[in-house]
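Note sheet for the following structure.
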Amino acid sequence: MLRKLIATCALLLVLLSFPTVSAQKKKGTDNIYARQNLIAWCIVPFDSKERTPQQRAEMLNKLGFTMLAYDWREKHIPEFDAELEALKKHHIKLQAFWLYSGPNPENDQNLPIILDLLKRHNVKTEIWCMIGGIKDMDKMTQQQKVEAVAKPVAYIADKAAEIGCTVGLYNHGGWYGMPENQLEVMKYLKRPNIGIVYNLHHAEEDIERFPKFFPKILPHLMAVNLMGLKKGNPVKVVPVGEGDAEAEMIRIIRDSSYRGPIGIINEETAPDAEVGLTMNVDGLKKILKAQGDVGALRTYE
């Protein structure tokens, strides 16, 4: 009992000393669409060339990316150390590490592997977190849903805090993917190291209401990942610059107080990650040119 109490007190001290996500994001840039503020995302399992960590880092250097958000599958676990070593060698920041977990992350065999990896390499990063597998959500009240999701998120956030990492709630559809619900989970938990990662490629239902809820998530926003959205029934996810909705969302984000990083993804763009990243960067540049964002465009010259 005494040992558990000491551990709990130690964790509370860590959390109290942890800067809030909103405080951390003030370290960002005034030009959020500048080349150096872009994160490469969805380029590990979504790459027909199946690049090695070294080849991936070389590709990012070639394209001018200085940050990577790392997504993975089970087969990539043996490469985790090599990935971090390649990023360090090529001066690429590990901006985030993806995690999909369930209602009992204490039994998740992959979570301790990730935490140990980051601790051994002394990497303090964001854990972009999806929670699934919670049964009978449709039978729960809103408060019960909040508590059911909050339980695994709290466990992951506390473990992340112990090694100086933050946790980003990652929208990917369903109840958990709605920004308003994510805000309720955060309000319930009151953990300073939890924020929100917002993805346009999972924003099909958000287009019309985006201007209304975006200011609410703004203080907690850790990253925004861009993609094209073409209105219709259903809404289609397309490369950046080929939709008719993302340009206005991109403008709203730029004109806000958000100063964090911007993700460029390859999922649903091209089989080859290099081709997909290039297409979406070119699409962003097209939008920036149309909107007269000369400052950002200069960084691509």
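If you count by mature numbering (1 follows the signal peptide of the UniProt record, and there is no 0), then the sequence shown holds residues -23 to -1, 1 to 278, one letter each, in order.
Even for Gly, the Cβ is constructed at its ideal location relative to N, Cα and C.
With 16 other Cβ atoms within 10 Å as the buried cut-off, status of residue i
i: residue 90; result: exposed
i: residue 265; result: buried
i: residue 167; result: exposed
i: residue 170; result: buried
i: residue 86; result: exposed
i: residue 41; result: exposed
i: residue 273; result: buried
i: residue -1; result: Because residue -1 carries a pLDDT of 47, less than 50, the predicted location of this residue cannot be relied on, and no value is offered for it.
i: residue 39; result: exposed
i: residue 216; result: buried
i: residue 33; result: buried
i: residue 114; result: exposed
i: residue 118; result: exposed
i: residue 220; result: buried
i: residue 122; result: buried
i: residue 99; result: exposed
i: residue 176; result: buried
First and last residue of the uninterrupted alpha helix (DSSP H) at residue i
i: residue 117; result: Neither: residue 117 is in no alpha helix (DSSP H) and is coded neither H nor E.
i: residue 279; result: Outside the modelled stretch of the chain, which goes from -23 to 278, sits residue 279, for which no answer is possible.
i: residue 157; result: 156 to 166
i: residue 31; result: 30 to 40
i: residue 194; result: 187 to 194
i: residue 87; result: 87 to 97
i: residue 223; result: 223 to 232
i: residue 251; result: 250 to 267
i: residue 274; result: 271 to 275
Identity of the residue in the options nearest residue i by Cα
i: residue 157; options: 182, 136, 170; result: 182
i: residue 164; options: 193, 206, 188, 251; result: 193
i: residue 51; options: 70, 75, 71, 66; result: 75
i: residue 23; options: 179, 66, 275, 254; result: 254
i: residue 9; options: 43, 191, 247, 237; result: 237
i: residue 48; options: 30, 38, 216, 41; result: 30
i: residue 43; options: 67, 26, 27, 25; result: 67
i: residue 206; options: 226, 198, 199, 197; result: 226
i: residue 200; options: 36, 33, 45, 25; result: 45
i: residue 95; options: 71, 151, 26; result: 71
i: residue 137; options: 114, 155, 151, 172; result: 172
i: residue 184; options: 155, 159, 196; result: 155
i: residue 258; options: 100, 229, 37, 32; result: 37
i: residue 104; options: 132, 220, 115, 233; result: 132
i: residue 149; options: 121, 120, 202; result: 202
i: residue 211; options: 180, 63, 25; result: 180
i: residue 88; options: 119, 198, 135, 278; result: 135
i: residue 65; options: 35, 93, 92, 84; result: 35
i: residue 204; options: 116, 263, 275, 246; result: 246
i: residue 162; options: 188, 25, 120; result: 120
i: residue 188; options: 197, 232, 208; result: 232
i: residue 63; options: 92, 28, 276; result: 28
i: residue 7; options: 277, 92, 229, 234; result: 234
i: residue 25; options: 252, 278, 11; result: 252
i: residue 69; options: 106, 102, 263, 276; result: 102
i: residue 224; options: 277, 263, 97; result: 263
Whole-number beta carbon distance between residue j and residue i, since they are thought to touch under 8 Å
i: residue 174; j: residue 147; result: 5 Å
i: residue 250; j: residue 20; result: 4 Å
i: residue 73; j: residue 145; result: 7 Å
i: residue 214; j: residue 178; result: 5 Å
i: residue 261; j: residue 218; result: 7 Å
i: residue 229; j: residue 191; result: 6 Å
Delimiting residues of the beta strand (DSSP E) encompassing residue i
i: residue 240; result: 239 to 242
i: residue 74; result: 70 to 78
i: residue 215; result: 213 to 215
i: residue 207; result: 205 to 207
i: residue 176; result: 171 to 176
i: residue 46; result: 44 to 47
i: residue 106; result: 103 to 108
i: residue 21; result: It is not in any beta strand (DSSP E) - residue 21 carries neither H nor E in the DSSP assignment.
i: residue 100; result: Unbroken run through residue 100: none, as it is neither H nor E.
i: residue 147; result: 143 to 147
>> Does the structure place the segment 134 to 147 close enough to the segment 110 to 118 that three or more beta carbon pairs sit under 8 Å?
In response: no
> Between the segment 123 to 137 and the segment 79 to 95, do three or more beta carbon pairs fall short of 8 Å?
Replying inline: Touching, yes, given that three or more Cβ pairs across the two stretches are closer than 8 Å.
>> Quick check: the segment 236 to 247 against the segment 14 to 22, are at least 3 beta-carbon pairs closer than 8 Å?
In response: Yes, the segment 14 to 22 is in contact with the segment 236 to 247.
> Touch check for the segment 267 to 276 and the segment 43 to 59: three-plus C-beta pairs under 8 Å?
Replying inline: no
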